[in-house]
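Per full-length UniProt numbering, the sequence shown starts with residue 1, numbered consecutively.
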Amino acid sequence: MTEDTTRTAIVTGAARGIGAAVATRLAKDGMAVAILDLDEGACQAAAQQITDAGGRALGVGCDVSDEASVAAAVERVAAELGAPTVLVNNAGVLRDNLLFKMSVDDWDTVMAVHLRGSFLMTRAVQKYMTEATYGRIVNLSSTSAQGNRGQVNYSAAKAGLQGFTKTLAIELGKFGVTANAIAPGFIVTDMTAATAKRVGVDFEDMQKFAAKEIPVQRVGRPEDIAAAASFFCSEDAGFVSGQVLYVAGGPKD
Ligand code: NAP
1 MTEDTTRTAI VTGAARGIGA AVATRLAKDG MAVAILDLDE GACQAAAQQI TDAGGRALGV
61 GCDVSDEASV AAAVERVAAE LGAPTVLVNN AGVLRDNLLF KMSVDDWDTV MAVHLRGSFL
121 MTRAVQKYMT EATYGRIVNL SSTSAQGNRG QVNYSAAKAG LQGFTKTLAI ELGKFGVTAN
181 AIAPGFIVTD MTAATAKRVG VDFEDMQKFA AKEIPVQRVG RPEDIAAAAS FFCSEDAGFV
241 SGQVLYVAGG PKD
């Protein structure tokens, strides 16, 4: 039995997509996993899948951009699953548009979920990490951090998360807490399917086109990101902090 069997992890936006794959993987690694997402029913269904496979999981409805919702969710996780010492800030939204057409609402929504959400979650959970003198934080950035047409809001938020990650690493290192970021490339999820729909391209065609441009000649799967998150969240990764890992099938940085 590894020490990971005693850890409680929180994964945000984990009812589907990359978050669900990360939650499933951390449960397989032996952690008790809290699945946070907007829709409590969807969280419970995702948690049930993990429980059915023999893991420990709890589904909790939470809006990561809302301070009171975050506080209540984190307290509930600590009470029902154990003090959280692993946090994956994965919840995300897209509100793509060219700068001249982008509304203030679309800018604010993206900042609220990615940046404010990661800040609120991390601030709430760090208390348990510093008390335990152990913690693993993983933030979901993106290759879009390097700039992507139509994503001035998302790109700024994902680049912001890289600075957030490095500063967490500096501030929390002395408490045994590491912070790292994963920057995925094209991953097949509802998010990329929605982008295909928005631009009027068949999703299968979009994947084929994207695969041709990717050195490993395929698009990514949520499990590709989960594998990287598993490493950053492991005990073994204690000397790896403040890093940004591009998981994009090729060199993006
Ligand atoms: P997804 O399938 O759209 O899943 C995102 C989840 O986050 C959804 O379940 C969504 O809930 C939830 N969420 C949205 N706002 C929330 C809030 N305020 N509080 C709590 N949960 C919230 O997206 P994904 O593709 O798995 O992406 C996961 C993360 O990876 C995101 O941060 C994304 O930016 C990043 N990423 C993805 C890709 C990619 O190619 N897919 C590439 C780079 C980075 P609702 O469905 O109810 O809105």
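Each residue gets a CB set at the ideal place from its N, CA and C atoms; glycine is no exception.
Remember, it's a predicted structure, so these values are computed and weren't measured experimentally.
In this structure, T189 has its CB closer than 7 Å to one or more heavy atoms of the ligand NAP. Secondary structure at L81: coil, using DSSP grouped into helix, strand and coil. Here DSSP, grouped into helix, strand and coil, assigns Q151 to strand. The beta-bridge partner set that DSSP reports for T8 consists of A32 and P84.
R25 is positioned such that its CB atom lies closer than 8 Å to that of A226. In summary, G185 is buried, with 16 or more beta-carbon neighbours lying within 10 Å of its beta-carbon over all protein chains present. Each residue's CA atom was taken as its position, placing V113 and A53 some 30 Å apart.
Judged by their CB atoms, N90 and G30 are not nearer to each other than the 8 Å cut-off.
By a beta-carbon distance limit of 8 Å, L94 does not contact I18. Their separation comes to about 13 Å.
Put simply, of M129, A145, A21 and G92 the residue whose alpha carbon is nearest the alpha carbon of G163 is A145. Non-local C-beta neighbours of F231 in its own chain, meaning closer than 6 Å and more than five positions away in sequence, comprise A237, ordered along the chain. DSSP, read as helix, strand or coil, puts Y128 in helix. By the Cβ rule, the stretch 120 to 134 counts as touching the stretch 75 to 89, because three or more pairs are nearer than 8 Å. As DSSP reads the structure, V138 sits in a beta bridge with V88 and N180. Per DSSP, R56 is one residue of the beta strand (DSSP E) stretching across R56 to G61. Per DSSP, the beta bridge partners of V244 are A181. Placement of the Cβ of N90 at a distance of less than 7 Å from at least one heavy atom of the ligand NAP is found. Collapsing the DSSP output to three states places D37 in a strand.
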